[in-house]
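Colleague:
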Amino acid sequence: MGKGRRLIIAMDGPAGVGKSTVGQLVAKDLGYYFVNTGEMYRALTWKAMEEGVDLKDESAVMALAKRLSWEFKPSENGTALKTFLDGESVSSHIRAEEVSRSTSLVAAMPSIRRFLCGLQRGLGKAGGVVMEGRDIATHVFPNADVKIYLDASLEERAKRRIRQLRSSGHSAESAGVRNAILQRDRNDLERKINPLAYAAGATLIDSTRLSMHGVARKILKIVKERQKQ
Ligand code: DC
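Count the sequence shown with the working numbering and you get residues 1241 to 1469, in order.
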């Protein structure tokens, strides 16, 4: 592999583990784009809720997904590719608790997963990307150059999620956030199609006692090794 080749870095792990923060640090260092695929599932869920689409009706949600115009534009700092639906940024809408809860329903729909997986492959296929989600190394890019499975204890993830929610102006109460994460872990792990799983060849990093910069440094070391091969 040539040193200059732009790699595909796939990162999976449970809710609240810090994939976005770490992914952006890694992408920034490498001059790659960071893609948060959860944002796409959240965006569609938010739009469906806005439009009164029944979230239990897969064909109605799929019809909406196809009708929308999906665009991915660089964030202000140029590192992340952000989702726009029909020309509107979804960022300020998709972190609300109702959206987080309902997204599990949409993420369990096989046709929606196929549709979004197609968009994700389109964004990443040329390389130079750090993509995070639940099924990136197992399904979206099983041949990714670097595969990371990021984990952390439930307590630590709940703490991080509370900080994230509060910093974006949402209220957060700890037992509620912990239970919501537990429920989302169950949904992600028990989903029939493309559940969260450790991919063959992935490196497991437990971030419970590591800073986000510490995790990013570990990943960058793996990337540099891979670039030498
Ligand atoms: O990473 P996140 O918490 O923003 O993800 C939102 C939801 O989307 C969560 O229920 C898991 C789901 N998801 C998924 O099923 N597959 C992905 N590749 C990314 C997210």
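From the three backbone atoms N, C-alpha and C, an ideal C-beta is built for every residue, glycine too.
Can you give me the C-alpha to C-alpha distance between residue 1265 and residue 1350, rounded to a whole angstrom?
Modeller: Translated into the one-based positions of the sequence shown, residue 1265 becomes position 25. Translated into the one-based positions of the sequence shown, residue 1350 becomes position 110. Distance between the alpha carbons of residue 1265 and residue 1350 is about 31 Å.
Colleague: Rounding to the nearest angstrom, what Cα-Cα distance links residue 1249 and residue 1367 in this structure?
Modeller: Position 9 of the sequence shown holds residue 1249. Position 127 of the sequence shown holds residue 1367. Using only the alpha carbons, I get a separation of about 8 Å.
Colleague: Go ahead and label residue 1254 buried or exposed: buried means 16 or more other beta carbons lie within 10 angstroms of its beta carbon, across all protein chains shown.
Modeller: For the purposes of this step, residue 1254 is taken as residue 14 along the sequence shown, with counting starting at 1. That one is buried.
Colleague: With three or more beta-carbon pairs closer than 8 Å as the criterion, would you say the segment 1287 to 1303 touches the segment 1334 to 1353?
Modeller: As far as the Cβ criterion goes, the segment 1287 to 1303 touches the segment 1334 to 1353, which means the pair count is three or higher.
Colleague: Per DSSP, which one or two residues make a beta bridge with residue 1324?
Modeller: On the sequence shown, residue 1324 is found 84 positions in, with the first residue counted as 1. 1311, 1329.
Colleague: Looking only at C-alpha atoms, which of 1245, 1257, 1442 sits nearest to residue 1270?
Modeller: Start at 1 with the first residue of the sequence shown, and residue 1270 comes out as number 30. Of the candidates 1245, 1257, 1442, the one whose C-alpha sits nearest the C-alpha of residue 1270 is 1245.
Colleague: I think residue 1314 touches residue 1308, with their Cβ atoms under 8 Å apart; what is that distance to the nearest whole Å?
Modeller: Here residue 1314 corresponds to residue number 74 of the sequence shown, with the count starting at 1. Here residue 1308 corresponds to residue number 68 of the sequence shown, with the count starting at 1. Residue 1314 to residue 1308, Cβ: 20 Å. No contact.
Colleague: Below 8 Å, how does it come out for the segment 1356 to 1373 and the segment 1437 to 1447: are there three or more Cβ pairs, yes or no?
Modeller: As far as the Cβ criterion goes, the segment 1356 to 1373 does not touch the segment 1437 to 1447, which means the pair count is below three.
Colleague: Excluding sequence positions up to five away, which residues of its chain have a Cβ less than 7 Å from the Cβ of residue 1294?
Modeller: On the sequence shown, residue 1294 is found 54 positions in, with the first residue counted as 1. Counting only Cβ-Cβ distances below 7 Å, and skipping sequence neighbours, we find 1300.
Colleague: Cutting at 6 Å between CB atoms, please list the residues of its own chain near residue 1428, excluding the five before and the five after it.
Modeller: The residue you call residue 1428 lines up with position 188 of the sequence shown. These residues qualify, in order along the chain: 1374, 1436.
Colleague: Using only the alpha-carbon positions, how far apart do residue 1364 and residue 1371 sit?
Modeller: Taking the sequence shown and counting its residues from 1, the one referred to as residue 1364 is at position 124. Taking the sequence shown and counting its residues from 1, the one referred to as residue 1371 is at position 131. Between residue 1364 and residue 1371, the C-alpha separation is close to 8 Å.
Colleague: If I'm right that residue 1377 touches residue 1387 with Cβ under 8 Å, what's the distance once you round it to whole angstroms?
Modeller: Counting from 1 along the sequence shown, the entry for residue 1377 is found at position 137. Counting from 1 along the sequence shown, the entry for residue 1387 is found at position 147. That belief holds up - the Cβ atoms of residue 1377 and residue 1387 are roughly 4 Å apart, short of 8 Å.
Colleague: Within the present structure, is the beta-carbon of residue 1277 separated from the nearest heavy atom of ligand 1 by less than 8 Å?
Modeller: What you label residue 1277 is simply residue 37 of the sequence shown in a count that begins at 1. Yes.
Colleague: Could you pull out every unbroken alpha helix (DSSP H) segment of at least 4 residues lying fully inside the segment 1393 to 1462, listed in chain order?
Modeller: Here the runs fully enclosed are 1394 to 1407, 1414 to 1430.
Colleague: Between residue 1405 and residue 1455, what straight-line distance do the alpha-carbon atoms span, to the nearest angstrom?
Modeller: Position 165 of the sequence shown, counting from 1, holds the residue named residue 1405. Position 215 of the sequence shown, counting from 1, holds the residue named residue 1455. C-alpha separation (whole angstroms): 21 Å.
Colleague: What do you get for residue 1448, buried or exposed, if any count of 16 or more other CB atoms within 10 angstroms of its CB means buried?
Modeller: In the sequence shown, the residue the question calls residue 1448 occupies position 208. Flag for residue 1448 reads exposed.
Colleague: DSSP state of residue 1255, grouped into three classes?
Modeller: Your numbering for residue 1255 matches position 15 in the sequence shown. Looking at residue 1255 - three-state DSSP - the assignment turns out to be coil, as it is neither helix nor strand.
Colleague: With distances taken Cα to Cα, identify the nearest neighbour of residue 1438 among 1389, 1400, 1395.
Modeller: Residue mapping note: residue 1438 aligns to position 198 of the sequence shown, counting from 1. Comparing Cα-Cα distances from residue 1438 to each of 1389, 1400, 1395, the minimum goes to 1389.
Colleague: For a test of the three-state rule: what should DSSP assign to residue 1381, helix, strand or coil?
Modeller: As a first step, residue 1381 must be located in the sequence shown, where it is residue number 141. If DSSP states are grouped into helix, strand and coil, residue 1381 belongs with coil.
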